[in-house]
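Peer 1: In my numbering, the protein residues as written are 87 to 538.
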Amino acid sequence: MAQALKEVRKLKDLQTLVSLSKRRGFVFQSSEIYGGLNSCWDYGPLGSLMKLNVKRIWWQAMTRRADICGLDASILMHPTVWKASGHVDGFSDPLVDCKDCKTRFRTDNTESYINEKKCPQCGSKNLSEPRQFNLMFKTHMGPVEDEGSVVYMRPETAQGHYVNFSNCQTTTRYKIPFGIAAIGKSFRNEITPGNFIFRTREFEQMEMQYFVKPGEDESWFEKWKQTRMQFYKKYGFNMQNLREHPHAANELAHYAKAAIDVEYLFPMGWSELEGIHNRSNYDLTQHAKFSGKSLEYFEEATKEKFIPFVIETAVGCDRLFLAFLCDAYREEVYVDESGAEDIRVVLGLHPEVAPVKVAILPLVKKDPVASLAQKLREELAEDWDVQYDEAGSIGKRYRRQDEIGTPFCVTVDYESIEDGAVTIRNRDTMMQERVPLDQLKNNLLLKIKNFS
Ligand code: GAP
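1) Compare the Cα-Cα distances from Phe297 to each of Tyr248, Leu123, Leu406 and Arg463 and report the closest residue.
2) Say the cut is 7 Å; is the CB of Phe114 nearer than that to a heavy atom of the ligand ZN?
3) In angstroms, rounded to a whole number, what distance separates the CA positions of Glu358 and Asp194?
4) Report the residue ranges of all alpha helix (DSSP H) runs contained in full by the stretch 440-512; include only those spanning at least 4 residues, in chain order.
5) Helix, strand or coil for Phe191? Go by DSSP, reduced to three states.
6) Can you name the start and end residues of the beta strand (DSSP E) that Leu91 belongs to?
7) Just verifying my parser: in three-state terms, what is the DSSP assignment at Phe376?
8) At a cut-off of 7 Å, would you count Gly246 as near the ligand GAP, judging by its Cβ distance to the nearest heavy atom?
9) Could you give the DSSP three-state label for Gly234: helix, strand or coil?
10) Could you name the residues of the same chain whose beta carbon sits closer than 6 Å to that of Ala456, not counting the 5 residues immediately before and after it, in chain order?
11) Should Phe273 and Arg314 be called a contact, given that it needs their Cβ atoms to be closer than 8 Å?
12) Rounded to whole angstroms, what is the Cα-Cα separation between Asp158 and Ala268?
13) Note down, one range per segment and in chain order, each alpha helix (DSSP H) of at least 4 residues found wholly within the stretch 260-337.
14) Alpha carbons only, please: which of Met148, Phe223 and Met292 is nearest the one belonging to Ser178?
15) At a cut of 8 Å, does the stretch 229-237 reach the stretch 206-214 through at least three beta carbon pairs?
16) Determine the closest residue to Trp310 out of Met354, Ile397 and Ala387, with distance taken between C-alpha atoms.
17) In angstroms with no decimal places, state the Cα-to-Cα distance between Pro263 and Asn250.
18) How about the stretch 459-470 and the stretch 496-508: do they share at least three Cβ pairs that are nearer than 8 Å?
19) Among the residues of its own chain, which have a CB less than 7 Å from the CB of Gly130, if the five just before and after it don't count?
20) With 16 other CB atoms within 10 Å as the buried threshold, where does Cys412 fall?
21) At which residues does the alpha helix (DSSP H) containing His226 begin and terminate?
22) Three-state secondary structure (DSSP) at His363?
23) Below 8 Å on the Cβ atoms is my contact criterion, and I expect Asn367 with Ile393 to pass it. Report the Cβ-Cβ distance as a whole number of Å.
24) Quick one: using the 10 Å Cβ neighbour count with 16 as the cut-off for buried, is Glu202 buried or exposed?
25) To the nearest angstrom, how far is the alpha carbon of Val401 from that of Leu97?
26) What residue range does the alpha helix (DSSP H) around Gln101 cover?
27) Pop quiz: Glu360 and Gln291 are said to be a contact at Cβ under 8 Å. What is the actual Cβ separation, rounded to whole angstroms?
28) When DSSP labels each residue in this structure, what does Leu162 get in the three-state scheme?
29) Could you give the DSSP three-state label for Phe384: helix, strand or coil?
30) Mark Cys184 as exposed unless 16 or more other C-beta atoms lie within 10 angstroms of its C-beta, in which case mark it buried.
31) Just the C-alpha distance for Leu135 and Lys375, rounded to the nearest angstrom, thanks.
32) Would the C-beta of Val401 count as close to the ligand GAP, meaning under 7 Å from any of its heavy atoms?
33) Quick check on Lys391: does DSSP put it in helix, strand or coil?
Written out as structure tokens, the structure reads:
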């Protein structure tokens with residue numbers, strides 16, 4: 087029966103994505119068979135592919151520029167790094183315990199406490215005094231667990247950039263302005279993790295520190311805000327779901343001269359996706375002071391020496407992954423003449439981000455169609471992540487691919503054996519086109535490149 091599109095629904099709640107992620111293999115709860123570990127998540131067969139794609143597009147956007155190099159610093163660093171950075175003394179949240187129901191909560195973002203000094207759980211006013219709780223995970227290096235062996239799991243990747251500023255500058259021979267980009271795990275003992283992979287205690291950051299001459303920092307701050315917004319546009323974000331939230335003077339971190347959050351309209355409301363900060367020369371000055379090593383830069387042209395200012399762009403990989411899923415999710419509701427509804431769930435991911443680029447769907451399971459389809463799978467897998475699916479009706483197979491965001495399906499049929507051609511089906515338009523086998527790769531390549 088003929089169907090007509092009645093409406094397109096957007097994502098309503100995070101739970102829809104949590105369920106889809108588990109059902110289709112994007113994200114699982116960590117240690118699930120033991121009941122799970124609060125706020126820890128594992129990326130499954132599709133999620134691990136997609137996460138790599140998210141990292142790759144960010145990494146390429148940064149390091150394929152002529153003025154940015156890459157870095158992969160270790161998670162454990164010299165403990166003095168965290169004294170110099172201010173994390174040992176200042177990286178903490180104010181906490182209160184409810185003496186009646188034993189709930190522990192933050193005082194600075196709990197409305198019932200801010201307004202009436204009440205517990206958000208049971209309403210009791212029988213509360214402890216606020217205490218500062220440091221968010222860094224501590225551990226010990228070596229066999230002796232004493233104060234002298236304390237090391238921290240890094241709470242941000244950025245300090246690796248600062249302590250390697252001279253190493254990177256001298257080995258690349260880059261002149262200022264230039265940047266260092268890194269992707270890696272960070273750890274924060276968050277008091278209120280939650281909202282799926284939005285706020286977790288173990289997460290991955292993608293951070294870039296751009297070192298500039300003092301006085302040029304403000305214009306570079308503006309340029310980086312634009313550059314980062316262009317990135318989101320390029321990868322298909324609905325720009326109405328993104329906005330800049332400039333920090334007011336009382337919101338600024340102690341080191342920051344200016345900062346904005348790039349906020350995304352997640353199902354739970356506008357929330358920080360990325361931070362862009364003008365960190366002044368605070369970080370390099372602190373590390374020079376604590377290490378006793380000069381971190382001054384000598385500008386050949388002017389014969390000037392100065393400590394560079396830093397413009398930082400910092401985005402969570404997991405948070406960007408979540409934003410991509412939220413933005414891409416849609417339900418297309420079709421009705422037939424009898425009024426019956428049929429819902430097509432689609433992840434309209436950009437092909438560079440989608441975990442599977444092409445699905446190969448043979449219309450019959452037997453040779454010679456199956457062997458041609460397998461041969462195609464192998465050929466396309468040289469360049470892309472490909473799935474082979476021969477189970478169920480072709481309609482059901484298309485729907486399975488739509489739901490995981492596969493932009494292109496290639497069907498192979500008996501005719502393919504005769505005419506040496508296959509059919510490409512487009513996820514978004516559902517249009518089909520017949521393409522000669524020897525043009526298939528190029529055709530797909532162009533489609534991926536010119537996707538908009
Ligand atoms: N070096 C600067 C810095 O770390 P931040 O605003 O604290 O700045 C940068 O973190 C980004 O890292 C955030 O915008 C967010 O995307 C991500 N992020 C921070 N804490 C996170 C957490 N607990 N879980 C997931 N992502 C987090």
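Positions of the beta carbon are idealized from the N, C-alpha and C atoms, including for glycine.
Peer 2: In short, the structure shows the following:
1) Sequence index remark: in the sequence shown, residue 297 carries index 211 (1-based). Restricting attention to Tyr248, Leu123, Leu406 and Arg463, the CA atom closest to the CA of Phe297 is found in Tyr248.
2) For the ligand ZN, the structure offers nothing, since it holds only the ligand GAP.
3) Here residue 358 refers to the residue found at position 272 when the sequence shown is read from its first residue. Here residue 194 refers to the residue found at position 108 when the sequence shown is read from its first residue. Those two C-alpha atoms are separated by around 17 Å.
4) Segments of the alpha helix (DSSP H) lying fully in the stretch 440-512: 455-467, 480-490 and 500-505.
5) Within the sequence shown, the letter at position 105 stands for residue 191. If DSSP states are grouped into helix, strand and coil, Phe191 belongs with the strands.
6) Numbered from 1 along the sequence shown, position 5 holds the residue referred to as residue 91. Gln89 to Lys96 is the extent of the beta strand (DSSP E) around Leu91.
7) The residue given as residue 376 occupies position 290 in the sequence shown. Helix at Phe376.
8) Locating residue 246 in the sequence shown gives position 160, counting from the first residue. Not under cutoff, so the answer is no.
9) Position 148 of the sequence shown, counted from the first residue, corresponds to residue 234. Of the three classes helix, strand and coil, the one that applies to Gly234 here is helix, per DSSP.
10) By 1-based counting over the sequence shown, the position of residue 456 is 370. Once the five neighbours on either side are set aside, the close Cβ partners of Ala456 are Pro448.
11) Position 187 of the sequence shown holds residue 273. Position 228 of the sequence shown holds residue 314. At a Cβ-Cβ threshold of 8 Å, Phe273 and Arg314 do not count as neighbours.
12) One-based indexing of the sequence shown puts residue 158 at position 72. One-based indexing of the sequence shown puts residue 268 at position 182. Roughly 6 Å separates the two Cα atoms.
13) 303-320
14) Counted from its first residue, the sequence shown places residue 178 at position 92. Of the listed residues, the one whose Cα sits closest to Ser178 is Phe223.
15) no
16) As a position in the sequence shown, residue 310 is number 224, starting the count at 1. Minimum Cα distance to Trp310 is reached at Ile397.
17) Sequence index remark: in the sequence shown, residue 263 carries index 177 (1-based). Sequence index remark: in the sequence shown, residue 250 carries index 164 (1-based). Those two C-alpha atoms are separated by around 16 Å.
18) yes
19) Your numbering for residue 130 matches position 44 in the sequence shown. If we look at Gly130 and ignore the five residues flanking it on each side, its Cβ neighbours are Gly111, Phe112, Val113 and Phe114.
20) By one-based count along the sequence shown, residue 412 stands at place 326. Buried is the call here.
21) In the sequence shown, the residue the question calls residue 226 occupies position 140. First-last for His226: Phe223 to His226, but that is the beta strand (DSSP E), not the alpha helix (DSSP H).
22) Counted from its first residue, the sequence shown places residue 363 at position 277. His363 falls in the strand class under three-state DSSP.
23) The count along the sequence shown starts at 1 and reaches residue 367 at position 281. The count along the sequence shown starts at 1 and reaches residue 393 at position 307. At roughly 4 Å, the Cβ-Cβ gap stays under 8 Å, so Asn367 and Ile393 are in contact.
24) Taking the sequence shown and counting its residues from 1, the one referred to as residue 202 is at position 116. Exposed: under 16 other Cβ atoms inside 10 Å.
25) Residue numbering aside, residue 401 sits at position 315 when the sequence shown is read from its first letter. Residue numbering aside, residue 97 sits at position 11 when the sequence shown is read from its first letter. Their Cα atoms are separated by approximately 22 Å.
26) What you label residue 101 is simply residue 15 of the sequence shown in a count that begins at 1. Counting along the chain, Gln101 sits inside the alpha helix (DSSP H) bounded by residues Leu100 to Arg110.
27) Taking the sequence shown and counting its residues from 1, the one referred to as residue 360 is at position 274. Taking the sequence shown and counting its residues from 1, the one referred to as residue 291 is at position 205. No, Glu360 and Gln291 are not in contact; Cβ-Cβ is about 10 Å, not under 8 Å.
28) Working through the sequence shown from its first residue, we reach residue 162 at position 76. In the structure shown, Leu162 sits in a strand (DSSP, three-state: E or B).
29) Within the sequence shown, the letter at position 298 stands for residue 384. If DSSP states are grouped into helix, strand and coil, Phe384 belongs with the strands.
30) One-based indexing of the sequence shown puts residue 184 at position 98. Classification for Cys184: buried.
31) By 1-based counting over the sequence shown, the position of residue 135 is 49. By 1-based counting over the sequence shown, the position of residue 375 is 289. Using only the alpha carbons, I get a separation of about 42 Å.
32) The residue labelled residue 401 in the question sits at position 315 within the sequence shown. Checking the Cβ of Val401 against the ligand GAP gives yes.
33) As a position in the sequence shown, residue 391 is number 305, starting the count at 1. Note: Lys391 maps to strand in three-state DSSP.
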